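To keep things clear, I will list the structure first and then write my remarks on it.
In the working numbering, the protein residues as written are 9 to 236.
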């Protein structure tokens, strides 16, 4: 099943610089296995211990956390080719404080992280590159969490939305871009009320600050005095 996702894996950060032939050997060496999940199906549950790094082959996942009263917060997402669970997989015995859910029908490649972190008996030469790539993924994850904290530090729903949309525009290097969230997921990610957020989005659109259709957004130029 992995063969049909060769292109996805080739351009994944974890496998950057690893040739196709080495990639096939590596997945076998790391005890790679593919599991399919349905929409809203749990991949990891809060309290689990994680032994494997997950790579999204198709679909997408959300990393969520619920409080005692069931209020949900989205900590992050992973799209096709991206990783999840890498930090706790490296810790091995630490239980994860979040739940990972498939946003849609998804196929996940799991790799044994112990074999990633140690040189196998076959002395596979791609291990050094793989470890370097894993460290890069972890650094990028840390930057993403830092950026999320900047959005969350804003005082109003409007400011949180503008901070997030501005960051996505910069990340995708375009004023027109697609976000990985539906409305409820975006509200959970920014920790705001969905109704209030939808109202704010509508006002921003009326003011000519943004335009959007579903999860496709466009940032528009405007003069500050026009909206005061």
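All residues carry an ideal CB built from backbone N, CA and C; glycine is no exception.
The structure displayed is predicted, hence computed values, not measured ones.
Could you give the distance in angstroms between the alpha-carbon of residue 102 and the alpha-carbon of residue 96?
6 Å
Based on DSSP bridge pairs, tell me the residues matched to residue 208.
Answer is none; residue 208 lacks a bridge partner.
Does DSSP put residue 143 in a helix, a strand or coil?
helix
Here's the rule: buried if 16 or more other CB atoms are within 10 angstroms of the residue's CB, otherwise exposed. What is residue 49?
By the 16-neighbour rule on beta-carbons within 10 angstroms, residue 49 is exposed.
In chain order, what residues of the same chain have a beta carbon less than 8 Å from the beta carbon of residue 219, not counting five sequence neighbours either side?
213, 225, 226 and 228
Per DSSP, which residues does residue 74 bridge with? Please list them.
80
Grouping DSSP H, G and I as helix and E and B as strand, with all else coil, what is residue 239?
Nothing about residue 239 can be reported from this structure: the residues present for the chain run from 9 to 236 only.
Same chain, Cβ closer than 7 Å to residue 123, five either side skipped, listed in chain order:
37, 38 and 39
Only counting runs of 4 or more residues, tell me where the alpha helix (DSSP H) segments fall wholly within the segment 156 to 182, in order along the chain.
DSSP assignment within the segment 156 to 182 yields the following whole alpha helix (DSSP H) runs of 4 residues or more, N-terminal first: 165 to 180.
Rounded to the nearest angstrom, how far is the Cβ of residue 145 from that of residue 91, given a contact under 8 Å?
5 Å
Could you check whether residue 19 and residue 89 sit closer than 8 Å to each other, using their CB atoms as the reference points?
yes
Compare the Cα-Cα distances from residue 61 to each of 29, 141, 74 and 12 and report the closest residue.
141
Does residue 234 pass the burial test, meaning 16 or more other C-beta atoms within 10 Å, or should it be called exposed?
Below a pLDDT of 50, predicted positions are generally treated as unreliable, and residue 234, at 46, falls in that range; the measurement from the model is reported next regardless. Classification for residue 234: exposed.
Using the rule of at least 16 other Cβ atoms within 10 Å of the residue's Cβ for burial, across every protein chain shown, is residue 221 buried or exposed?
With fewer than 16 Cβ atoms within 10 Å of its Cβ, residue 221 is classed as exposed.
If I follow the unbroken beta strand (DSSP E) through residue 221, where does it start and stop?
218 to 221
Starting from residue 96 and walking both ways along the alpha helix (DSSP H), at which residues does that stretch end?
94 to 99
Please state the DSSP three-state secondary structure of residue 195.
helix
Under 8 Å: do the segment 157 to 177 and the segment 61 to 71 share three or more Cβ pairs, one atom per stretch?
no
With a threshold of 16 other CB atoms inside 10 Å of the CB of residue 78, please say whether the residue is buried or exposed.
exposed
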